[in-house]
Amino acid sequence: MLTRLCTGKIKVDGQEEEIVIAASDFSLEEGDMRHIGDGDYQYEALYIYHGNDAEISFQATNFKGDVSMYPYSTSRDIEIHEDNLSVEGLDYEEDDYF
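Remember, this note's numbering sits 379 above the position in the sequence shown when you count from 1.
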């Protein structure tokens, strides 16, 4: 694992309720190195929250220490009101993987 979901929470509004989801409620569903061309590789991680009749997911990447988070995907009509989740990159040497 070359990224770690650190801290934060998101506040979402569903049809009838507002809930707060902590970073610890997300699980790492997939994570692996991926070739992105020109001999470069990046680590890609997929984090998912499985809740009552709802699912929220997002992807994060780590390319040479530069971590990016991508927009959330939801399984139903959910509105995200606040978002302060953060993902931290862990140090790694590409030679350790290839």
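Yeah, the Cβ is synthetic: ideal placement off N, Cα and C, and Gly gets one too.
Do residue i and residue j have their C-beta atoms closer together than 9 Å?
| i | j | result |
| --- | --- | --- |
| I427 | F405 | yes |
| E397 | K390 | yes |
State the DSSP-derived secondary structure class of residue i, mapped to helix, strand or coil.
| i | result |
| --- | --- |
| S436 | strand |
| D404 | helix |
Report the rounded CA-to-CA distance for residue i versus residue j, giving the unit in angstroms.
| i | j | result |
| --- | --- | --- |
| Q421 | I400 | 28 Å |
| Y451 | A439 | 10 Å |
| L372 | M448 | It is not possible to answer for residue 372, since the shown part of the chain is limited to 380 through 477. |
| S465 | A424 | 13 Å |
On a CA-only basis, which of the options is nearest residue i? Give me that one, please.
| i | options | result |
| --- | --- | --- |
| V446 | D411, E409, E467 | E467 |
- request: Decide if the stretch 424–437 is in contact with the stretch 455–467; the criterion is three or more beta carbon pairs, one per stretch, under 8 Å apart.
  value: yes
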